[in-house]
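Okay, so the sequence shown: first residue is 1 according to full-length UniProt numbering, each after it adds one. Below you'll find the structure, written out as structure tokens, and then a few comments.
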Amino acid sequence: MKVLVTGGAGFIGSAVLRLAVARGHDVVNVDALTYAACLENVAEVANSPHYAFEHVDIRDRPALDVVFTRHQPDMVMHLAAESHVDRSIDGPGDFIETNITGTFNMLEAARKYWTDAGKPESFRFHHISTDEVFGSLPNDPDVLFTEETAYDPRSPYSASKASSDHLVRAWQETYGMPVVLTNCSNNYGPFHFPEKLVPVVILNALAGKELPIYGTGANIRDWLYVEDHADALLLVAEKGEVGRSYNIGGENERSNLELVKALCAILDDRRPKPSGSYADQITFVADRPGHDARYAIDPTRIRDELGWRPSVTVEEGLAKTVDWYLANEAWWRALQNRQGVGERLGVKA
Ligand SMILES: NC(=O)c1ccc[n+]([C@@H]2O[C@H](COP(=O)([O-])OP(=O)(O)OC[C@H]3O[C@@H](n4cnc5c(N)ncnc54)[C@H](O)[C@@H]3O)[C@@H](O)[C@H]2O)c1
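Written as structure tokens, this is what we have:
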């Protein structure tokens with residue numbers, strides 16, 4: 001199978017590419033190489049005869065037509081997006097252009113290619129989205145996001161992703177294009193760009209800097225190891241029912257404060273400080289405007305219909321992640337010089 005993956009130089013897209021090549025698929029990585037991209041993320045597959053790279057922006061529709069014609073994919077896995085909520089608060093325009101207009105371009109380029117090919121039933125357009133489209137949950141363990149939860153996005157990022165989800169569904173209803181969708185909870189793991197919470201905590205801890213916690217740290221997220229997400233995505237791409245969406249989550253709810261303390265405990269074990277704990281570096285800072293209180297996924301559908309289960313607990317996954325950052329200093333040091341990394345963003349509202 002030949003899979004066209006957008007955003008394959010990013011965090012999750014690169015995990016999908018590495019896994020897809022390991023499973024014997026041909027892949028085409030379409031990426032504009034924004035500030036969030038790093039081709040090192042796909043270095044282990046870059047020389048494979050099963051890998052091709054197209055330096056293309058999904059806002060460029062003619063370039064997308066060339067890519068489809070050149071590579072003739074059996075399937076699209078669309079991950080390219082602006083993905084950082086704090087940046088969406090400071091500059092929502094890029095989120096509208098890439099996440100909404102870019103997805104529109106991808107749908108139209110895919111529709112032309114699929115139509116010209118005689119509308120094969122086997123073609124798939126897999127749109128990768130987030131649980132943030134569902135809004136914010138109360139702190140009640142019985143209330144979870146299901147595939148039927150009404151959309152209620154509350155940040156420029158989640159609103160742009162919700163818009164793209166609606167476009168993808170419309171292309172199936174209106175044009176009959178075979179689509180599948182997934183909405184996933186917070187990912188963590190190797191190659192996570194050093195502006196997101198988990199790498200920020202690990203890297204600030206090692207540098208002796210403050211570990212910034214927004215508000216009181218009570219906001220709850222459902223954490224999933226990125227390689228388990230990649231596994232779920234390939235499963236849905238291959239076995240998911242056309243027109244259906246699947247929620248993907250690790251059933252690992254943690255408050256931000258609990259998560260940060262867990263990372264500190266792992267670091268205390270792996271690289272002890274001369275005295276005290278990394279948790280001593282925790283500092284509470286001004287909250288994010290409109291900070292959603294809780295996200296939690298009910299993964300019953302993907303578990304019961306497709307048999308997917310995460311392979312690691314959050315404790316195992318966080319330990320693997322810390323070990324990866326300790327072993328890959330050259331990777332993250334190079335990215336720390338990029339624009340905005342290490343700065344507090346998203347407080348202008
Ligand atoms: N990170 C998470 O926890 C999470 C959770 C659920 C869903 N998602 C979704 O998964 C997808 C990937 O997220 P991520 O965390 O890997 O993001 P990321 O920011 O690490 O990577 C995004 C990639 O997309 C590329 N890109 C951005 N704009 C582009 C454009 N206009 N044209 C072509 N390429 C472009 C970037 O260069 C980068 O390589 C996104 O759609 C995101 O909404 C992420």
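A virtual CB, placed ideally from N, CA and C, is assigned to each residue, including glycine.
- Per the C-alpha coordinates, the member of R70, M75, Y35, E148 positioned closest to D94 is Y35.
- When the five nearest sequence neighbours on each side are left out, the beta carbons in the same chain lying within less than 8 Å of the beta carbon of I213 are those of N256, L257, V260, I282, T283, F284, V285, in order along the chain.
- Shown here for I96: same chain residues with a beta carbon closer than 7 Å to its own, the five before and five after excluded, namely S160 in chain order.
- Following the DSSP letters along the chain, one finds S129 inside the beta strand (DSSP E) bounded by residues 124-130.
- Short of 8 Å from the beta carbon of A237, and not among the five residues preceding or following it, lie these beta carbons of its own chain, in chain order: V3, M75, M77, R124, H126, V180.
- Per DSSP, K2 lies in no alpha helix (DSSP H) segment; the continuous beta strand (DSSP E) that holds it begins and ends at 2-6.
- Apart from sequence neighbours up to five positions away, the residues of its chain that approach Y225 with a beta-carbon distance below 6 Å are G189, V312, G317, ordered along the chain.
- Nearest to Q339 by alpha-carbon distance, out of R87, D57, V27, E40, is R87.
- Apart from the 5 residues on each side of it in sequence, V45 sits with its Cβ closer than 7 Å to the Cβ of L17, R18, V21, Y51 in its chain, given in chain order.
- Distances from the alpha-carbon of R154 to those of I12, L306, A293, T321 put A293 closest.
- A Cβ-Cβ distance of about 5 Å is found for the pair V322 and I266, placing them in contact under the 8 Å criterion.
- If you look at A330, you'll find it in the alpha helix (DSSP H) that goes 329-335.
- Relative to N99, the option among L107, A109, A80, N204 whose CA is nearest is A80.
- For ligand 1, no non-hydrogen atom lies closer than 8 Å to the CB of R338.
- A residue is called buried when at least 16 other Cβ atoms come within 10 angstroms of its Cβ; Q172 meets this threshold and is buried.
- Look at A43: its beta carbon is at least 8 Å from all of the heavy atoms in ligand 1.
- Apart from sequence neighbours up to five positions away, the residues of its chain that approach S277 with a beta-carbon distance below 7 Å are C264, D268, ordered along the chain.
- Per the coordinates, the alpha-carbon of G307 lies some 28 Å from the alpha-carbon of S83.
- In chain order, V21 place their CB closer than 6 Å to the CB of S48, counting only its own chain and leaving out the 5 sequence neighbours on each side.
- By the Cβ criterion, the region 107-125 is in contact with the region 67-74, since at least three pairs of Cβ atoms, one from each stretch, lie closer than 8 Å.
- Ligand 1 approaches T34 closely enough that one of its heavy atoms is under 8 Å from the residue's Cβ.
- Distance from the CA atom of N204 to the CA atom of S275, rounded to whole angstroms, is 17 Å.
- For N105, the enclosing alpha helix (DSSP H) begins and ends at 103-116.
- The continuous alpha helix (DSSP H) containing S158 extends over residues 156-175.
- Counting only unbroken stretches of 4 or more residues, the alpha helix (DSSP H) elements lying wholly within the region 269-324 are 300-306, in sequence order.
- The three-state reading of DSSP puts T149 in coil, since its state is none of H, G, I, E or B.
- Each of D26, H55, M1, S185 was checked against the Cα of G7, and the nearest Cα belongs to H55.
- Shortest Cα-Cα distance from A9 to any of V133, N139, F193, K112 involves F193.
- Per DSSP, N204 is one residue of the alpha helix (DSSP H) stretching across 197-207.
- The nearest non-hydrogen atom of ligand 1 is 8 Å or more from the C-beta of D90.
- A heavy atom of ligand 1 is found nearer than 8 Å to the CB of G8.
- Boundaries of the beta strand (DSSP E) harbouring E253: 253-255, taken from the DSSP string.
- Counting only runs of at least 4 residues, the region 8-68 fully encloses the following alpha helix (DSSP H) elements, listed from N- to C-terminal order: 11-22, 43-46.
- With three or more CB-CB distances shorter than 8 Å, the region 56-69 counts as touching the region 109-120.
- DSSP links R221 through a beta bridge to R254.
- In the three-state reduction of the DSSP assignment, N186 falls in the strand class, which pools E and B.
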